[in-house]
Amino acid sequence: MRPALLLCALAFAPLPALAGPLPAPELIGEITLPTGLSIQGVPFGGLSDLSYDARSGQFVAISDAHGDAGRPRIYDLRIAVENGRFSGLDILSMQPLSGPEGADFGAQTHAGGVVVDPAHDRIFWSAEDDAGAGAGLFVAQNGGGAARAIPLPPSYASQGRPDHGVRSEHPIDALDLSPDGHTLIAATEEALAQDGPVASYSEQSPVRLLMLDSETGQPRAEYIYYTDTIPARPTKFDGPASNGLTALAALPDGRLVTVERGYAAGVGNSVRFYIVSTKGASNVAGEDRIDRIRDRPVHKALWFALSPGMPGIAVDDLEDIAFGPVIGGRETMLTASDNNFNRHQATRFKLFTVDLPQPMD
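According to mature numbering (1 follows the signal peptide of the UniProt record, and there is no 0), the sequence shown holds residues -19 to -1, 1 to 342 in order.
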């Protein structure tokens, strides 16, 4: 008996028209799953990325659960659309993630990004070990089995120094495959420690977009992407605030969609979706430390944004994006938020119809 459920709380609201690099998407509904929901006795939530498996017609969601919330795991999801509206979401199964040689990930490990490779029946994901092992990329056959670690370039390792490598709490969260499946695309939420600061009210963060050969794991290229500054200040002087790159998705024409999520205590979350082109950007592969004056970053253009107070739209901690099936002749895009296993938050799935560009020749 599968651990399935169907919960629906449909909300519909048109997005304001934007003169962006792609036509503005249309929101066709939202489904909210409350914190406290359990699947096979395990709390559901903590979703940090989505991927679509065109072969099965299902989405895969990865949970960054760790500590008391359990070990990292993935869920298989199926969506339903009726009369042009997002009408249902079915949780089909749950599967814990195993590390190299079949070892269990410990309670201090939390997952980041995920992408399914249907052509090779495998799944890629990223994870970070709070105990000091740092960030990692993994690949395994879909459906279970021992994972194989994919080595990251030396610039991503701490090398025993606090001012080098992937910052703690800012791991590789964004992950996808190129349309042909040959390139694995990965990015951290904030800059590597030696490359520059995390985003602040006055400074952007120079994140690396890492392109790896999906078969060999060898770097193909690496580009610099500047996040926005923190978009809002908290209502209290000492309240927390942040901004970072939380997800990406590859477009058919070779460009990318990136998702930046900002937060300010007392204000809430704001989410911006950008269209990114690497054309003309410097390839910084092999550089241990970038040159922020010499190295040319990628170009990004705002596609659309979700902000607190938009009518009919609850933004929350949106971290996940994946392009989905064609439904009723329209292409779709699913997003999801991370409830952080917090009773004051929820897991919110939003479904959009989108007009995607044509594939490259």
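Backbone N, C-alpha and C fix where the C-beta goes; we use that ideal spot for every residue, glycine too.
Expressed to the nearest angstrom, what Euclidean distance is found between the alpha-carbon atoms of residue i and residue j?
i: residue 140; j: residue 6; result: 43 Å
i: residue 37; j: residue 229; result: 22 Å
i: residue 321; j: residue 13; result: 14 Å
i: residue 277; j: residue 265; result: 9 Å
i: residue 161; j: residue 33; result: 15 Å
i: residue 132; j: residue 92; result: 16 Å
i: residue 50; j: residue 23; result: 8 Å
i: residue 102; j: residue 35; result: 11 Å
i: residue -4; j: residue 212; result: Residue confidence is low: residue -4 scores 48 on pLDDT, short of 50, so the model does not pin down where it sits. No coordinate-derived value is stated.
i: residue 209; j: residue 168; result: 15 Å
i: residue 292; j: residue 130; result: 44 Å
i: residue 27; j: residue 304; result: 20 Å
i: residue 70; j: residue 175; result: 42 Å
i: residue 333; j: residue 99; result: 23 Å
i: residue -7; j: residue 66; result: Here residue -7 scores only 47 on pLDDT, less than 50, and its place in the model should not be relied on; the value that follows carries that caveat. Roughly 11 Å between the two C-alpha positions.
i: residue -16; j: residue 72; result: A caution first: residue -16 carries a pLDDT of 36, below 50, which makes its placement in the model unreliable, though a value can still be read off. Roughly 5 Å separates the two Cα atoms.
i: residue 216; j: residue 287; result: 20 Å
i: residue 335; j: residue 311; result: 7 Å
i: residue -1; j: residue 282; result: Residue confidence is low: residue -1 scores 44 on pLDDT, short of 50, so the model does not pin down where it sits. Its coordinate-derived value is still stated next. Using only the alpha carbons, I get a separation of about 10 Å.
i: residue 244; j: residue 134; result: 30 Å
i: residue 105; j: residue 340; result: 23 Å
i: residue 324; j: residue 247; result: 17 Å
i: residue 80; j: residue 11; result: 34 Å
i: residue 231; j: residue 9; result: 22 Å
i: residue 4; j: residue 85; result: 44 Å
i: residue 234; j: residue 316; result: 21 Å
i: residue 31; j: residue 128; result: 19 Å
i: residue 15; j: residue 296; result: 15 Å
i: residue 138; j: residue 163; result: 25 Å
i: residue 219; j: residue 82; result: 45 Å
Among the options, which one has its Cα closest to the Cα of residue i?
i: residue 257; options: 241, 279 and 263; result: 279
i: residue 147; options: 122, 178 and 284; result: 178
i: residue 290; options: 269, 311 and 252; result: 252
i: residue 240; options: 21, 314 and 324; result: 314
i: residue 78; options: 68, 116, 67 and 122; result: 122
i: residue 196; options: 303, 158 and 207; result: 158
i: residue 284; options: 337, 97, 184 and 109; result: 337
i: residue 21; options: 59, 33 and 76; result: 76
i: residue 294; options: 269, 117 and 249; result: 249
i: residue 270; options: 91, 85, 136 and 50; result: 136
i: residue 328; options: 151, 160, 226 and 17; result: 17
i: residue 25; options: 54, 85, 91 and 39; result: 54
i: residue 64; options: 44, 323, 308 and 324; result: 308
i: residue 300; options: 188, 129 and 330; result: 330
i: residue 151; options: 233, 311 and 45; result: 45
i: residue 61; options: 306, 324, 339 and 90; result: 306
i: residue 154; options: 302, 4 and 3; result: 302
i: residue 202; options: 8, 319 and 263; result: 263
i: residue 207; options: 274, 312, 232 and 214; result: 274
i: residue 124; options: 86, 296, 81 and 56; result: 56
i: residue 214; options: 183, 30 and 232; result: 183
i: residue 29; options: 267, 74 and 156; result: 156
i: residue 254; options: 15, 267, 261 and 236; result: 236
i: residue 268; options: 261, 43 and 145; result: 145
i: residue 2; options: 74, 19, 296 and 238; result: 238
i: residue 142; options: 163, 173 and 261; result: 173
Could you check how far apart the C-beta atoms of residue i and residue j are, in whole angstroms? I think they sit under 8 Å.
i: residue 120; j: residue 41; result: Actually they do not touch by this definition, with Cβ atoms about 14 Å apart.
i: residue 180; j: residue 223; result: 7 Å
i: residue 171; j: residue 225; result: 5 Å
i: residue 190; j: residue 199; result: Not quite, the Cβ-Cβ distance comes to about 16 Å (not below 8 Å), so this is no contact.
i: residue 187; j: residue 166; result: Rounded, the Cβ-Cβ distance is 17 Å, inconsistent with contact.
i: residue 227; j: residue 242; result: 5 Å
i: residue 58; j: residue 89; result: Incorrect: roughly 27 Å between the Cβ atoms, too far for contact.
i: residue 319; j: residue 298; result: 5 Å
Which one or two residues does DSSP pair with residue i in a beta bridge?
i: residue 171; result: Looking at the DSSP assignment, residue 171 forms no beta bridge with any residue, so it has no partner.
i: residue 31; result: 42
i: residue 14; result: 328
i: residue 243; result: 224 and 251
i: residue 176; result: DSSP lists no partner for residue 176.
i: residue 98; result: 103
i: residue 117; result: 108
i: residue 156; result: 167
i: residue 19; result: 24
i: residue 232; result: Bridge partners of residue 232: none, in fact.
i: residue 90; result: 110
i: residue 189; result: 205
i: residue 301; result: 317
i: residue 8; result: 333
i: residue 238; result: 230 and 256
i: residue 307; result: 312
i: residue 194; result: 164
Using only the heavy atoms of the ligand NAP, determine whether one of them is closer than 8 Å to the beta carbon of residue i.
i: residue 54; result: Within the structure as shown, the ligand NAP is missing, as the structure has no ligands at all.
**Prompt:** Taking the runs of the beta strand (DSSP E) that are 3 residues or longer, which of them lie wholly in the stretch 51 to 85?
**Reply:** 54 to 63 and 66 to 77
**Request:** Give, in chain order, every unbroken run of the alpha helix (DSSP H) that is at least 4 residues long and sits entirely within the stretch 251 to 296.
**Result:** none
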